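Everything in the sequence shown is counted per our numbering, starting at 37 for the first residue and increasing by one. Where a beta carbon is used, it is the ideal one built from N, C-alpha and C, also for glycine. Every value quoted in this text rests on a predicted model; they were computed, and no experiment measured them. One structure below.
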Amino acid sequence: MSRRRIGFWYRLAAVICKPPLLVLFKRDWQGMEHIPADGGFITAVNHNSYLDPLSYAHYQYNTGRVPRFLAKSGLFKGGFVGLMMRGTGQIPVYRESADAAVAFRAAVAAINKGECVAFYPEGTLTRDPDMWPMQGKTGAARVALLTKAPVIPVAQWGANEVMPPYAKEKKLRLFPRKTLRVKAGPPVDLSEFYGKEPTAEVLRAVTDKVMAAVTAILAEVRDEPVPAEPYDHKKAVAARRRARQKAPDAAERARKLDEQGIKVDDQAPKTQEDEGK
């Protein structure tokens with residue numbers, strides 16, 4: 037899709053959404069020169085707020101290349117939202133169904149037609165306590181290896197300050213006026229993986245390289261160091277489950293020690309300083 041072929045529905049969405057975005061938020065946009073002028077490509081974007089799609093779509097719309105998002109199939113069912121999702125050519129994702137591969141094929145077809153497909157490789161809002169990108173899923177990597185299209189890493193920050201993810205109250209925190217920061221980087225060099233069998237190991241390596249590029253750009257946007265390793269939500273959940281399973285055992289040991297008149301603190305190993313007293 038060229039810079040000129042935006043289409044009626046996307047222009048209508050812009051007419052509706054851009055005015056409030058311009059009034060309510062400040063903008064810090066960088067790296068637009070990395071968005072390809074022609075040809076199909078992929079953008080890999082971090083995800084930390086329900087407002088992310090609006091913030092990012094506004095940014096990329098102004099480059100002249102509109103993104104096609106992969107979105108939950110439920111958003112396409114009836115109503116004005118469904119009409120806009122279908123009209124702007126977004127790609128429905130049917131999770132845990134026989135149609136789950138449809139989104140993958142649609143993404144490949146769109147890129148081969150010269151369009152941009154935007155992926156949130158994390159698959160959901162980040163669960164990282166410090167709002168860094170989590171370990172990514174491999175869908176974008178599969179499409180990238182199949183199409184060999186440029187993969188543009190994009191980091192965004194600021195929408196999470198307006199609507200934090202998983203907040204108890206889903207209300208907008210508009211004041212003081214927030215800045216929506218979006219920055220695109222140069223294409224991730226994935227040439228070392230072209231021609232290789234897309235095994236689980238290869239797809240993981242591609243995904244990790246893309247997510248590392250996104251995280252590095254976000255570190256520049258936040259002016260903070262990159263975390264030592266990406267947050268792995270599955271490992272975190274497993275660790276919490278093990279801790280809960282151990283908790284009853286720890287409580288039972290403490291009860292037995294208490295019955296024997298032994299304080300839990302008395303079980304701590306003594307230091308040389310303690311022995312010298």
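Leucine 216, DSSP secondary structure in three states: In this structure, leucine 216 counts as strand in the three-state DSSP scheme.
Helix, strand or coil at glutamine 317 according to DSSP, with G and I counted as helix: Absent from the structure is residue 317, since the part of the chain shown begins at 37 and ends at 313.
Alpha-carbon to alpha-carbon, glycine 76 and proline 86: For the sequence presented, residue 86 should be read as tyrosine rather than proline. Straight across, the Cα-Cα distance linking tyrosine 86 with glycine 76 is about 26 Å.
Where the beta strand (DSSP E) containing lysine 108 begins and where it ends: Where lysine 108 is concerned, the enclosing beta strand (DSSP E) stretches over 103 to 108.
Bridge partner(s) assigned by DSSP for tryptophan 168: Its beta-bridge partners do not exist; DSSP assigns none.
The region 223 to 239 contacting the region 175 to 192, beta-carbon criterion three pairs below 8 Å: Judged by pairs of C-beta atoms under 8 Å, the region 223 to 239 touches the region 175 to 192, as three or more such pairs exist.
Cβ-based neighbour list, leucine 57, same chain, cut-off 7 Å, excluding 5 preceding and 5 following: Cβ contact annotation for leucine 57 (same chain, cutoff 7 Å, sequence separation greater than five): Leu90 and His94, in chain order.
Proximity winner among Pro169, Pro103 and Gln126, relative to alanine 264 (alpha-carbon distances): Comparing Cα-Cα distances from alanine 264 to each of Pro169, Pro103 and Gln126, the minimum goes to Pro169.
Nearest-angstrom Cα separation, counted from alanine 252 out to arginine 217: Computed Cα separation, rounded: 15 Å.
Beta-carbon spacing of isoleucine 188, proline 157 below 8 Å: Result no, Cβ atoms of isoleucine 188 and proline 157 do not sit closer than 8 Å.
Sequence-distant residues of its chain with Cβ nearer than 6 Å to alanine 142 (five each side left out): If we look at alanine 142 and ignore the five residues flanking it on each side, its Cβ neighbours are Ile127.
Minimum C-alpha distance to lysine 149 - residue among Val273, Asp74 and Val238: Of the candidates Val273, Asp74 and Val238, the one whose C-alpha sits nearest the C-alpha of lysine 149 is Asp74.
Cβ-based burial, isoleucine 147 [other Cβ within 10 Å; buried from 16]: When all chains shown are included, isoleucine 147 counts as buried.
Backbone secondary structure at tyrosine 267 - three-state DSSP: If DSSP states are grouped into helix, strand and coil, tyrosine 267 belongs with the strands.
Proximity of methionine 120 and alanine 49 at Cβ, strictly below 8 Å: In this structure, alanine 49 lies closer than 8 Å to methionine 120 by Cβ.
DSSP-derived helix/strand/coil call for threonine 243: Assignment of threonine 243 by DSSP, reduced to helix, strand and coil, places it in the helix class.
Alpha carbon of glutamate 69 to alpha carbon of arginine 278, nearest angstrom: The straight-line gap from Cα to Cα measures roughly 48 Å.
Spatial distance of phenylalanine 273 from glutamine 171 (CA atoms): One detail in the question is off: residue 273 reads as valine in this sequence, not phenylalanine. If you take the alpha carbons of valine 273 and glutamine 171, they lie about 14 Å apart.
Same chain only: Cβ atoms within 7 Å of glycine 118, ignoring 5 sequence neighbours per side: The answer, listed in chain order, is Leu111 and Phe112.
Selected residue, minimal CA-CA separation from tyrosine 230, among Ala185, Phe211 and Ile71: Out of Ala185, Phe211 and Ile71, Ala185 has the C-alpha closest to the C-alpha of tyrosine 230.
Test item: CB-CB of leucine 254 and alanine 191 under 8 Å: Result yes, Cβ atoms of leucine 254 and alanine 191 sit closer than 8 Å.
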